[in-house]
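Student: For the sequence shown, the working numbering begins at 20 and goes up steadily by one. A virtual CB, placed ideally from N, CA and C, is assigned to each residue, including glycine. Next up is a structure, given as structure tokens.
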Amino acid sequence: MSDATLRVGVVGLGWAGVTHADAYALLPGVEVHALAAQEPERLATVGDRLDVPHRHTAWEDLVARDDLDVVSVAAPNWLHDRVAVAALEAGKHVLCEKPLALDAVRARSMVDAAVAADRVLWTVFNHRERGDVRTLRRFVDEGGLGRIYHVKASWTRRRHTTGDTWFTRKDRSGGGPLIDLGVHMLDLVLHLMDEPVVTRASGFTHAELVPASIAAAGGDPAGFEVEDLGGGTLRTQEGASVYLEASWALHAPVSGNEMTVSLHGTKGAATLLIKDYAPAGVLQISTDVAGRPAETFPVVPRGGGHADVVAKFVAAVRSGEWAAHRGVEGLRRSIVIDALYRSAEKDEEVDVAYEGGA
Ligand SMILES: NC(=O)c1ccc[n+]([C@@H]2O[C@H](COP(=O)([O-])OP(=O)(O)OC[C@H]3O[C@@H](n4cnc5c(N)ncnc54)[C@H](O)[C@@H]3O)[C@@H](O)[C@H]2O)c1
20 MSDATLRVGV VGLGWAGVTH ADAYALLPGV EVHALAAQEP ERLATVGDRL DVPHRHTAWE
80 DLVARDDLDV VSVAAPNWLH DRVAVAALEA GKHVLCEKPL ALDAVRARSM VDAAVAADRV
140 LWTVFNHRER GDVRTLRRFV DEGGLGRIYH VKASWTRRRH TTGDTWFTRK DRSGGGPLID
200 LGVHMLDLVL HLMDEPVVTR ASGFTHAELV PASIAAAGGD PAGFEVEDLG GGTLRTQEGA
260 SVYLEASWAL HAPVSGNEMT VSLHGTKGAA TLLIKDYAPA GVLQISTDVA GRPAETFPVV
320 PRGGGHADVV AKFVAAVRSG EWAAHRGVEG LRRSIVIDAL YRSAEKDEEV DVAYEGGA
């Protein structure tokens with residue numbers, strides 16, 4: 020496996036799938052061998068540009084090929100578990116877009132399939148590969164913040180129309196901005212805190228601005244089945260508290276699209292603010308110097324994202340050390356997001372169980 024050409028099939032050619040295909044095409048010894056999408060023109064454009072020999076309009080035909088080592092899943096959320104489980108059972112390694120699945124039950128079936136097939140299952144959490152996030156992670160690892168006991172993370176879109184797509188159908192997406200954007204912020208939090216165990220969740224959801232704007236435009240707001248603002252608080256086994264929030268539409272003093280995470284520790288705090296997908300965010304470290312409040316703004320590297328995820332995934336496949344990569348982190352994020360939705364629905368705090376829980 021290590022020296023042979025790795026043959027990849029990519030399912031889905033929206034923004035995510037094209038990004039996957041482009042990232043594989045950059046890597047030596049990796050060939051994008053097949054594509055699957057329902058848009059013939061995208062298959063032709065991307066297929067011709069990357070010289071991909073096989074193109075399919077149904078994912079089942081791509082997964083059935085016996086000449087692929089890897090399948091990248093960049094299809095709508097409701098297809099993730101179906102495509103991934105079929106691909107794993109057929110002996111392929113799988114890179115899957117976030118969220119790992121519609122819900123934790125489906126995510127667990129994917130992890131189980133990876134274990135049974137002894138193949139790699141890897142969730143795409145591209146933002147943790149950003150240069151600013153890596154700098155922050157290193158500062159945390161060096162003990163710069165001391166013990167982190169409180170975290171705030173949010174992804175705020177002030178006004179964002181999804182149209183009537185799979186994103187707004189609960190059975191196709193699993194939810195609104197909480198599962199779509201919030202899962203990225205949850206990943207950053209858990210990654211930066213070095214995988215604390217989440218034990219309790221208290222969630223909320225609202226659907227106010229998007230349904231109102233659909234109705235104002237003469238449409239039927241019932242077609243919008245998910246929240247436009249969601250989040251909640253989490254408690255960890257280690258005693259830390261986390262506040263998480265994600266919106267597709269919210270009256271808020273943000274430019275258009277803002278991601279922010281603040282880590283509060285016993286020695287200092289760090290706040291990372293990323294406006295409108297800027298390749299480098301503003302990282303602010305707040306500490307005390309000689310008993311006085313002090314602010315530091317480290318210069319952070321620009322960029323980092325999908326190409327790094329794809330390169331790491333390919334390296335893991337080539338390494339043969341597959342047992343360490345069974346999609347467990349993606350499953351944990353699904354368990355926490357499920358718990359937040361469950362809590363919001365019940366209007367009470369719920370327990371979160373990683374083992375056997377969903
Ligand atoms: N990591 C990120 O930053 C990021 C960004 C965007 C989207 N995503 C994720 O990527 C996934 C796709 O999102 P998107 O915005 O690209 O969606 P999209 O709707 O733009 O594209 C979906 C693609 O899947 C294809 N598809 C659907 N059903 C199919 C079938 N039966 N057989 C073959 N192909 C099929 C469609 O034809 C289309 O090409 C989602 O899970 C989303 O959450 C991740």
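Between which two residues does the beta strand (DSSP E) holding residue 255 run?
Tutor: For the purposes of this step, residue 255 is taken as residue 236 along the sequence shown, with counting starting at 1. Looking at the DSSP string, the run of the beta strand (DSSP E) that includes residue 255 is 248 to 255.
Student: Can you tell me which of the three DSSP states residue 320 falls into?
Tutor: Along the sequence shown, read from residue 1 onward, the residue named residue 320 stands at position 301. If DSSP states are grouped into helix, strand and coil, residue 320 belongs with coil.
Student: Please return the same chain residues whose Cβ sits closer than 6 angstroms to the Cβ of residue 208, not counting the five positions on each side in sequence.
Tutor: The sequence position of residue 208 within the sequence shown is 189, counting from 1. Around residue 208: 170, 172, 261.
Student: Using CA atoms only, rank isn't needed, just tell me which of 88, 243, 121, 97 is closest to residue 106.
Tutor: As a position in the sequence shown, residue 106 is number 87, starting the count at 1. The shortest Cα separation from residue 106 among 88, 243, 121, 97 belongs to 88.
Student: Under three-state DSSP, which class holds residue 171?
Tutor: The residue labelled residue 171 in the question sits at position 152 within the sequence shown. Residue 171 falls in the strand class under three-state DSSP.
Student: Does the beta-carbon of residue 145, which I'm using as the reference point, lie nearer than 7 angstroms to any heavy atom of ligand 1?
Tutor: On the sequence shown, position 126 is the one that residue 145 refers to. Yes, the beta carbon of residue 145 sits closer than 7 angstroms to at least one heavy atom of ligand 1.
Student: Mind checking whether residue 204 and residue 259 have CB atoms under 8 angstroms apart?
Tutor: Locating residue 204 in the sequence shown gives position 185, where the first residue counts as 1. Locating residue 259 in the sequence shown gives position 240, where the first residue counts as 1. No, Cβ-Cβ distance for residue 204 and residue 259 is not below 8 angstroms.
Student: Please determine, among 143, 90, 46, 39, the residue with the shortest C-alpha to C-alpha distance to residue 109.
Tutor: If you number the sequence shown from 1, residue 109 lands on position 90. It is 90 whose Cα lies nearest to the Cα of residue 109.
Student: Report yes if the CB atom of residue 126 is closer than 8 angstroms to the CB atom of residue 362, and no otherwise.
Tutor: The residue you call residue 126 lines up with position 107 of the sequence shown. The residue you call residue 362 lines up with position 343 of the sequence shown. Going by C-beta atoms, residue 126 is not nearer than 8 angstroms to residue 362.
Student: Beta carbon of residue 95: closer than 7 angstroms to some heavy atom of ligand 1?
Tutor: As a first step, residue 95 is located in the sequence shown; it is residue number 76 there, counting from the start. Yes, the Cβ of residue 95 comes within 7 angstroms of a heavy atom of ligand 1.
Student: If you draw a straight line from the C-alpha of residue 276 to the C-alpha of residue 269, how long is it?
Tutor: For the purposes of this step, residue 276 is taken as the residue at position 257 of the sequence shown. For the purposes of this step, residue 269 is taken as the residue at position 250 of the sequence shown. Taking the straight line from one Cα to the other gives about 11 angstroms.
Student: Give the DSSP-derived three-state secondary structure of residue 25 in the structure shown.
Tutor: What you label residue 25 is simply residue 6 of the sequence shown in a count that begins at 1. Residue 25 falls in the strand class under three-state DSSP.
Student: How long is the line joining the alpha carbons of residue 377 and residue 216, rounded to whole angstroms?
Tutor: Stepping through the sequence shown from its first residue, residue 377 is reached at position 358. Stepping through the sequence shown from its first residue, residue 216 is reached at position 197. Residue placement at residue 377 is poorly supported in this model, since its pLDDT is 47, which falls under 50; the coordinates are not used for a value here.
Student: Sorted by chain position, which residues of the same chain lie with C-beta nearer than 6 angstroms to residue 145's C-beta, five sequence neighbours on each side aside?
Tutor: Taking the first residue of the sequence shown as 1, we reach residue 145 at position 126. Answer for residue 145: 324, 325, 328, listed in chain order.
Student: Answer yes or no: do residue 29 and residue 93 have a C-beta to C-beta separation smaller than 8 angstroms?
Tutor: Taking the first residue of the sequence shown as 1, we reach residue 29 at position 10. Taking the first residue of the sequence shown as 1, we reach residue 93 at position 74. Contact flag set, yes.
Student: Between the alpha carbons of residue 195 and residue 257, how many angstroms are there, rounded?
Tutor: Along the sequence shown, read from residue 1 onward, the residue named residue 195 stands at position 176. Along the sequence shown, read from residue 1 onward, the residue named residue 257 stands at position 238. Cα to Cα, residue 195 sits roughly 29 angstroms from residue 257.
Student: I'd like to confirm something about residue 256: is its beta-carbon nearer than 7 angstroms to some heavy atom of ligand 1, or not?
Tutor: Numbered from its first residue, the sequence shown carries residue 256 at position 237. Residue 256: no, Cβ never under 7 angstroms from ligand 1.
Student: Assuming the contact rule is C-beta atoms closer than 8 angstroms, residue 155 and residue 302 should be a hit. Round their C-beta distance to whole Å, please.
Tutor: In the sequence shown, the residue the question calls residue 155 occupies position 136. In the sequence shown, the residue the question calls residue 302 occupies position 283. Sure, about 6 angstroms apart at Cβ, within 8 angstroms.
Student: If you draw a straight line from the C-alpha of residue 161 to the C-alpha of residue 282, how long is it?
Tutor: Taking the sequence shown and counting its residues from 1, the one referred to as residue 161 is at position 142. Taking the sequence shown and counting its residues from 1, the one referred to as residue 282 is at position 263. Roughly 14 angstroms between the two C-alpha positions.
Student: For ligand 1, any of its heavy atoms closer than 7 angstroms to the Cβ of residue 100?
Tutor: For this step, residue 100 is matched to residue 81 along the sequence shown. No - ligand 1 has no heavy atom lying nearer than 7 angstroms to the Cβ of residue 100.
Student: Going by DSSP, what residue range makes up the beta strand (DSSP E) through residue 141?
Tutor: Numbered from its first residue, the sequence shown carries residue 141 at position 122. Element bounds for residue 141: 140 to 143.
Student: Got a sec? Which residues, its chain only, sit under 6 angstroms from residue 280 by beta carbon, not counting five neighbours each side?
Tutor: As a position in the sequence shown, residue 280 is number 261, starting the count at 1. 172, 207, 291, listed in sequence order.
Student: Starting from residue 91, follow the beta strand (DSSP E) in both directions and report where the run begins and ends.
Tutor: Sequence index remark: in the sequence shown, residue 91 carries index 72 (1-based). Taken as a continuous stretch (DSSP letters only), the beta strand (DSSP E) holding residue 91 covers 89 to 92.
Student: Just how far apart, CA to CA, sit residue 308 and residue 284?
Tutor: As a first step, residue 308 must be located in the sequence shown, where it is residue number 289. As a first step, residue 284 must be located in the sequence shown, where it is residue number 265. Using only the alpha carbons, I get a separation of about 15 angstroms.
Student: Is there contact here, the segment 35 to 49 with the segment 64 to 76, by at least three beta-carbon pairs under 8 angstroms?
Tutor: Because the criterion of three Cβ pairs below 8 angstroms is met, the segment 35 to 49 and the segment 64 to 76 touch.
Student: So, does the segment 186 to 200 touch the segment 241 to 257, judging by three or more C-beta pairs under 8 angstroms?
Tutor: Contact holds: three or more Cβ-Cβ distances are below 8 angstroms.
Student: So, helix, strand or coil for residue 377, using DSSP?
Tutor: In the sequence shown, residue 377 corresponds to position 358, counting from 1. With a pLDDT of 47 at residue 377, under the threshold of 50, the modelled position of this residue cannot be trusted, and the question is left open.
Student: Could you give the uninterrupted runs of the beta strand (DSSP E) lying entirely in the segment 101 to 128, keeping only those of 3 residues or more?
Tutor: DSSP runs (the beta strand (DSSP E)) wholly in the segment 101 to 128: 112 to 116.
Student: Let me know the secondary structure DSSP gives residue 79 once reduced to three states.
Tutor: Working through the sequence shown from its first residue, we reach residue 79 at position 60. Helix at residue 79.
Student: To test your reading of the DSSP string, which unbroken alpha helix (DSSP H) runs of 4 or more residues are found completely within the segment 297 to 356?
Tutor: Runs of the alpha helix (DSSP H) inside the segment 297 to 356: 325 to 338.
Student: Bridge partners for residue 166 per DSSP, in chain order?
Tutor: Along the sequence shown, read from residue 1 onward, the residue named residue 166 stands at position 147. According to DSSP, which records beta bridges pairwise, residue 166 is partnered with nothing at all.
Student: Can you give me the start and stop residues for the alpha helix (DSSP H) that residue 189 sits inside?
Tutor: On the sequence shown, residue 189 is found 170 positions in, with the first residue counted as 1. 189 to 192 is the extent of the alpha helix (DSSP H) around residue 189.
Student: How about the segment 329 to 341 and the segment 130 to 149: do they share at least three Cβ pairs that are nearer than 8 angstroms?
Tutor: Yes: at least three Cβ pairs fall under 8 angstroms.
Student: Span of the alpha helix (DSSP H) holding residue 293?
Tutor: For the purposes of this step, residue 293 is taken as residue 274 along the sequence shown, with counting starting at 1. Element bounds for residue 293: not the alpha helix (DSSP H) but the beta strand (DSSP E), 288 to 294.
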